[in-house]
Each structure stands twice: as structure tokens, then as C-alpha cells.
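Here is the structure we will look at.
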Amino acid sequence: MQARSHPLGVHPSPSGDGTANVAVYAPGLDEVDLVFARPGESWQRLRLDGVNHGIHYATVPRPRGVASLSMSAQELARDVSPAMPAGTRYGFVPARAHGTPVPDPALEPVLLDPYGRGLTRVAPPGDVVDPGPDAYGGMYVSEVVAQDHEWHDEPRPAHPWRDTVIYEAHVKGLTMLHPEIPHELRGTYAGLGHPAVLEHLHGLGVTAVELLPVHAHLDEAHLTANGLTNYWGYNTLGFFAPHACYATRAAQQAGPTAVLDEFKDMVDALHRAGLQVYLDVVYNHTAEGGPDQRAYCWRGLGEGEYYRHDEHGNYVDVTGCGNSVNFADAQVVRMTLDSLRYWVEECHVDGFRFDLAPELGRDEHHHFTRNHPFFVAVAADPVLQGVRMISEPWDVGAGGWQTGRFPAGWADWNDQYRDTVRDFWLSGQRTMRRGGGGGTAARLAGAMSGSADLFAPNGRTTLASVNFITAHDGFTLYDLTAYDSKHNEANRESNADGTNDNHSWNHDHEGFSPDVRVRSARAATARNMMATLLFSQGVPMITAGDELLRSQGGNNNAYCQDNRLSWVDWALTPFDRSMLHITQRLVRIRRAFLAGQPHEFPTRPQDVVLNWYANSGEPMTAELWQTDGERALQVALAARGGRVAGLFVLNGTESPVAAVLPAFEHPARTERFPGDRDARVPGARGTSHAAGAGDATAASTYRLVLATDSHLDELTGNRWRTGDEVTLPPQGVAMFAIT
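Throughout the sequence shown, residue numbering follows the working numbering, covering 3 to 741 in sequence.
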């Protein structure tokens, strides 16, 4: 079979004659040799004598004694052949003269296949005492895997974006301490697919699990030197291979095909439980680090093309990680698209969250553009249609903050939402406790309304906003209420790492407090933030463990803490259980509300009704929005054509508030005509007017569905009418269904 320069990687020759086609983009090398060892055989070398615009390629012949054959379509779909069967280890080296000994990859580094589906360490670093499995400096080879999984997840979950509730989790951290998971499955893909985890996620009501990086990754050199590991995994060594250390010991011992199958089994289990799977992916930089560190793959194949450089040939680092992948190169864009398609088609992944995503949209001058060829290609790719694309919309380069500016079809992590909610419930409380007014609720109202000031200018709706208060990076929800300052000493960087801009408040006691009043106040603040998150327009994201008041002891950068500090603790206190129950109720309330809205809600802003009221029951005015200390308000949310309306009443002051329930008529029962009064909220979008969508004298019935104050929550199910007063305790939230 004649060799071809596509597809890249190792695949059976399309003729099905048992040979294999190998192709690698190596523009930095004049000639390339493939070194490979089939299972049970010694290493051998083959010159890739075809070259096409930097792509080196060749046909690997069948082993001696294997006659020509005709592989069926089903056999070809396994993506292996007699020439390169499953378990074949391989890599690339600069071409050497005929007769030169074949290098042993355990002793002499070979370059990994950028398209390698499996990754195997063949030797640990020789200069490290007791190195971990991902220690920097180890010797690696790519390994051929078979696509053998038999899927059982049809039809795959297809939750509408507006109904999505994301749960950000770490494969190991979520499962390592779970008492109902067998010990041999803890910390693994199989553990994440265990019924005990699925039961928790189903009970919580989330619809998608967003996994911290599961691409094969490596520890940074400084972590290995300090005896630490890269727990989060944002240091990719292979864009096509699942990380082997998250597989069970049995799968690791069986090899990369078994590791891949275990990952697929996990996806299958999550899908059968009705949960979508999103991957946090790191295409912006690689584990090769700065220019003085060793070449594992891309640097040795073509440093000038794979990485960003300035006009003087120096690295351009907009990631803060030593290098930045060069998305001005067409083959880099192609590699990323091929990787995304692989995880969607072969691994049934439903979405991606892109780490430091502006880097992917920077052109040859390193400037961000929302019309970058990568974004255009994603939008036009038929395989990626309907796949969730979520940006972390900032990097550390010039012009790196791009929240709200990604293309249509993408959603952005909304950091302004995060900071605004924290400021209202945490920094504002601290200010009031120290004699200040605590600010206004105007910014909070804009955030809860979907941050239209960020997204509408680029033609995007509220569903482009992924709302979050915490993520893996930063304080946990509980730690926001317990620490004014970071406590990252365990990272061995003299507490210099991690942000100092936490927008947190320790409730006047740093760290653990034995005082039940302090702990109660912290739990109440956490409930208020969770209620705000799940009422707000946009797509909410909950960080694993926040529903259990998980703490990291004040560490806000636990990227290198692969221990109990980072793992979810399933031994629950009464406060923890209360937080879990109220989070479950909040998700159910959100789901019930959305089920009662038109299918297109909230993508048609003109049909979204947001009415804002003071605690007097009267419409908010411009003066009230700007008054320092005016931190109690009500918002009614409904849609034209909807069956359900809701009222969110919040008291962000230090005193009880008697909230007069406003006059509000459900918009499904009335028409609104052009010219009706419109008291728009700063940063809000949709219809937001003075006294409701209809007759201001109409009486509505308000049924309490949840309160974050336990005493008021005991009245859940009780009804009030327009004009009645409901006393809300200090720093509390109440939610009503309107009929």
C-alpha cells in the first residue's frame, strides 16, 4: 500500500492489507525515523521517506510470516493492524545512518507521536528519589491502542443548554474518600462511574460532569524537585491519550487499551445515568515547559512551528507556563480539531472547557480575534455541531481578558459574575460589619439577569454566561466564608502563589471556629450564594464538594495537593448535610421553573420578564439603585407564554426586613404593548418594568418554596398575597412561586 501524508498518527492502511500508515508533522527535521517494537519483539527502525509540507510518512510492512489479507470495515474500525497491533510501542527520532543501532527508549529519549492514543512510561527519571508515576524527566513512548469498546449509551443525554447544571469535578478527588466505593476503584475512572457516585450526582440534580484534565499529563520540573505532583493536571503530554494514573491498577497493568476502555466505561455509565461529560482541555501550552527544558514531543519535531515566538525567535508566553502553542500554524489548528473530534467520536464526550482560551484565538501577531480560523473551523465542523464549547476567557498576555467576547455558539466562564456575587454576600457584609454601607445591589442585579452588558454587544444571550462562584482554582465555597487570606504554605512556594484577590470574608474569625454562631453564619452565607447561583439567568456551575461545605484549609491554589486537602470528604457534619439538602432543593426548583417556560426561553430577551422591586413592594428607582446600603430587593422572573413565575427576595442588610410582596400578574395572562413603562436594571436584559407585566392592581398568590434561614424555611408551602409582608432575617434569601 502506498503511504499517505494523512491521516496523522498510526492507522491501518485503508486498503486493509494489514500494513500500517504512519504520518507525523515534524517540520523541524529534515528526515525522520520511526522506532517501534511490536509486543514481544525488539526495537526496530523505519525511515519515513515521504515528505509533504513538513509531514513525514511511510508504510509499515506486515511482520514476516504474515500474508497479505483483506481487513473488514469492522476490523479497520479497531484502528490496529498486524503491522502495528495493539500494544506496539513507538516514537520518532531524527534520521540516522543505516546500520546505526536502534535506540532503546528506556535509555535514550524518543519523540512522542502528537496523535498517540496511548502513552507509556518506560523508565522513571534517574535522578529523582522515589519518583511518582508522573514525575518530570521520565522516559516515555507512544503506544498503539485498539478501539474495542462496545457502547451502551444510546441515546446519549441531550439536555438543552438552558436546563444544564454543570458539576466541576476531579476524577481522583471526587472518589478517593468515598466510603461506598471499593478501595481498588477509588481515585479512578471506574470509581467515578460507580453507582454510589452516580446516585449522588442524580440526587443533586446536575446534568453534566465537567472533569478536570484527563489528557495524559506530566508533573512540572519544580514540583518533582519539591516532592510534589501536578494534581490538577494542567500540563498536557498527549492530546489524544487518557491519563493512565486515573485508571485502576488492573487496567494500568493491562496497558493503554485497557486504560482507554475504562475511561469509555466511565463515560458510558455517566451517560446511562443521564449525565453529559465535558472535559477541561489544555491546548494552550504543553508539558515541555520553557525553552531550556527537554523535548518530549513537539519541541523536537518542530519547535518553531508548534510554539509561539517573537520576531527575534524568543518564546512568547501568554500562558505563564513556559510556552504557548502556536495557533497561527494551520497544522496546530488541525491537531486540535482532530483531538476534539477524537474525544467526541471515539470517546462520546459531550463538551469541552478550554483552559486559557484566548491563547487559542491569537493570530500570528499574538492578538486575540473572535474570527480566528480555529473558531471558524469549530463552528463549521459537522462533528462538533451541538458539542458544548466553554471558554476560560482569559490568559496572561496583553489583551488577555475576553469575557463576553468569544464567538456565538460558545459559552464563557463569567468571572465578573463570580466577583459580583462574592462582593455582595462577603465583602459587602464585612464592610457593613465595620461600619460601612456595604454598597448597592445594582451589580448583583445585573449579574443575576445574565450579564447582558458583557454578552449582548456581541449578539449573545444569557446562555453564553457560565455562572460560577467557585471553581477548582481558588477558595472553596466554605473557605470563602472562613478565610480572609490564602494559606498556601503546603505548596512550598512561601505562600507567594495563588491570588490575593479573593473577595472573601472570614466572618470575623480566620479558619476553623468552635463557635457555633460563627459556623452557622458561614453556612447561611454559603446557602445564600448557592441560592443566588441557581436562581440567576445563565448556566450554573457547581464545584464538587461545595454542596458539602468542603474546605481546603484556606489553600486557594491546591494544584499540587494530591491528598485529603483536595479530595472531597464524604464524612458529613449536620451543617454539611443541610447544605447538601438545600442545594438539591435549589436545583429541583430551578428545573421545575424552567420546565414551565417556553422552549425558547430565555433566548428571546423580549419575552423575558424581570421586574425589580424594593422591599416596600414598589418598583426600584434609579435613586434606590444608586443608594449605598440599599441591599434588600425583590425580583420577579417570568416569560411570555410560560406557566410558572417566581419571586426571589433577598436581604443583604444586617437587620430584618419586612418585604411587602409586590403586585405582579403573570405575563401569560396579559399583553404588554410598546410604550409600557420600563425601569431597566443596570446590566440586565429583557423586560424589566415597574409594576409587573399587567394590571398593577391584580392580586397574586405567593407560595414559599425555599428560604435560606431555617426558621423561615419551616413555613415552606405557606401562601401570601400581594401586599402581605414577609419578614426576612438579616442576610437571607426566600424564593416564592407566583400564581
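Using N, Cα and C, we set each Cβ at its ideal position, and we do this for glycine too.
Since we're looking at a predicted model, the values are computed, not measured.
In terms of alpha-carbon separation, which member of Gly406, Ser44, Asp726, Ala85 lies closest to Gly619? Of the candidates Gly406, Ser44, Asp726, Ala85, the residue whose Cα lies closest to the Cα of Gly619 is Asp726.
Would you kindly work out how many angstroms separate the C-alpha atoms of Phe666 and Gly734, rounded to a whole number? Looking at the backbone, the Cα of Phe666 and that of Gly734 are separated by about 22 Å.
Does the distance from the C-beta atom of Ile392 to that of Phe354 stay below 8 Å? Yes, the Cβ-Cβ distance between Ile392 and Phe354 is below 8 Å.
DSSP three-state call for Ser538: helix, strand or coil? Looking at Ser538 - three-state DSSP - the assignment turns out to be coil, as it is neither helix nor strand.
Have a look at Arg587, Asp397, Leu78 and flag the residue whose alpha-carbon is nearest the alpha-carbon of Val208. Cα-wise, what sits closest to Val208 is Arg587.
Just reading off the beta strand (DSSP E) that Leu213 is part of, what are its end residues? Unbroken beta strand (DSSP E) run through Leu213: 210-213.
Per-residue DSSP class, three states only, for Trp300: Helix at Trp300.
The region 62-71 in contact with the region 118-132 per 3-pair CB rule at 8 Å: By the C-beta criterion, the region 62-71 is judged not to be in contact with the region 118-132, since fewer than 3 inter-stretch pairs fall below 8 Å.
Does the Cβ-Cβ distance between Ala210 and Tyr280 come in under 8 Å? In contact: Ala210 and Tyr280 (Cβ atoms closer than 8 Å).
With H, G and I counted as helix, E and B as strand and the rest as coil, what does DSSP make of Ile740? Here Ile740 sits in strand by DSSP.
Runs of beta strand (DSSP E) wholly within the region 161-217 (minimum 3 residues, chain order): Scanning the region 161-217 for uninterrupted beta strand (DSSP E) segments of 3 residues or longer gives 168-171, 210-213, listed from N- to C-terminal end.
Taking its Cβ as the centre, do 16 or more other Cβ atoms sit within 10 Å of Leu663, making it buried, or is it exposed? Note on Leu663: 16 or more other CB atoms within 10 angstroms of its CB, so buried under the neighbour-count rule.
Could you tell me whether any non-hydrogen atom of the ligand ATP is closer than 7 Å to the CB of Ala5? For the ligand ATP, the structure offers nothing, since it holds no ligand at all.
With a floor of 3 residues, list each beta strand (DSSP E) that falls wholly inside the region 319-368, ordered by position along the chain. Runs of the beta strand (DSSP E) lying entirely within the region 319-368 and spanning at least 3 residues, in chain order: 353-356.
On the DSSP bridge assignment, give the partners of Leu652 in chain order. Partner(s): Leu635, Val735.
Does the region 399-418 come close enough to the region 353-370 to have 3 or more Cβ pairs within less than 8 Å? Contact check between the region 399-418 and the region 353-370: three or more CB pairs, one atom from each, fall below 8 Å, which counts as touching.
Helix or strand or just coil, what does DSSP make of Trp507? The answer is coil: DSSP assigns Trp507 none of H, G, I, E or B.
Reduced DSSP secondary structure (H/G/I, E/B, other) of Met391: If DSSP states are grouped into helix, strand and coil, Met391 belongs with the strands.
For Trp427, the three-state DSSP class (helix, strand or coil): Of the three classes helix, strand and coil, the one that applies to Trp427 here is helix, per DSSP.
Below 8 Å, can you find three or more Cβ-Cβ pairs linking the region 290-299 to the region 254-274? Contact between the region 290-299 and the region 254-274 is absent, because fewer than three Cβ pairs lie under 8 Å.
Who are Trp722's beta bridge partners in DSSP? Answer is Tyr704, bridged to Trp722.
Going straight from the alpha carbon of Leu428 to that of Thr501, what length do you get? Answer to the nearest angstrom: the Cα atoms are 17 Å apart.
Distance between beta carbons of Gly540 and Gly598, contact taken as under 8 Å: That pair is no contact at about 18 Å.
Measuring straight from C-alpha to C-alpha, what distance separates Gly291 and His8? One alpha carbon belongs to Gly291, the other to His8, and they sit about 29 Å apart.
Among Gly555, Ala253, Ala709, nearest to His583 - alpha-carbon criterion: Closest by alpha carbon: Ala709.
Please report the Cβ distance between Leu770 and Ser506, rounded to the nearest whole angstrom; I am assuming they are in contact, meaning their Cβ atoms lie under 8 Å. Any property of residue 770 remains undetermined from this structure, which presents the chain solely from 3 to 741.
Considering just the uninterrupted stretch of the alpha helix (DSSP H) at Phe376, what are its terminal residues? That run of the alpha helix (DSSP H) goes 375-382.
Which first and last residues belong to the alpha helix (DSSP H) in which Asp2 is found? Given that the chain is displayed from residue 3 to residue 741, the structure contains no residue 2 and the question cannot be resolved.
Roughly how many angstroms lie between the CA atoms of His13 and Pro107, to the nearest whole one? Pro107 has its alpha-carbon roughly 22 Å from the corresponding atom of His13.
For Trp415, three-class secondary structure by DSSP: Correct three-state label for Trp415: strand.
Output the distance between the C-alpha atoms of Ser387 and His601, rounded to the nearest integer angstrom. Sequence check: residue 387 is Gln here, not Ser. Rounded to the nearest whole angstrom, the CA to CA distance from Gln387 to His601 is 20 Å.
Going by DSSP, which residues form a beta bridge with Leu612? According to DSSP, Leu612 bridges with Leu639.
Span of the beta strand (DSSP E) around Phe241: Per DSSP, Phe241 is one residue of the beta strand (DSSP E) stretching across 238-244.
Using a 10 Å radius around the Cβ and a threshold of 16 neighbouring Cβ atoms, would you call Leu203 buried or exposed? Classification of Leu203: buried, given that the 10 Å Cβ count is 16 or more.
Between the beta-carbon of Ile168 and the beta-carbon of Val389, is there less than 8 Å? Not closer than 8 Å, so no.
For the alpha helix (DSSP H) containing Glu625, list its first residue and its last residue. Unbroken alpha helix (DSSP H) run through Glu625: 624-627.
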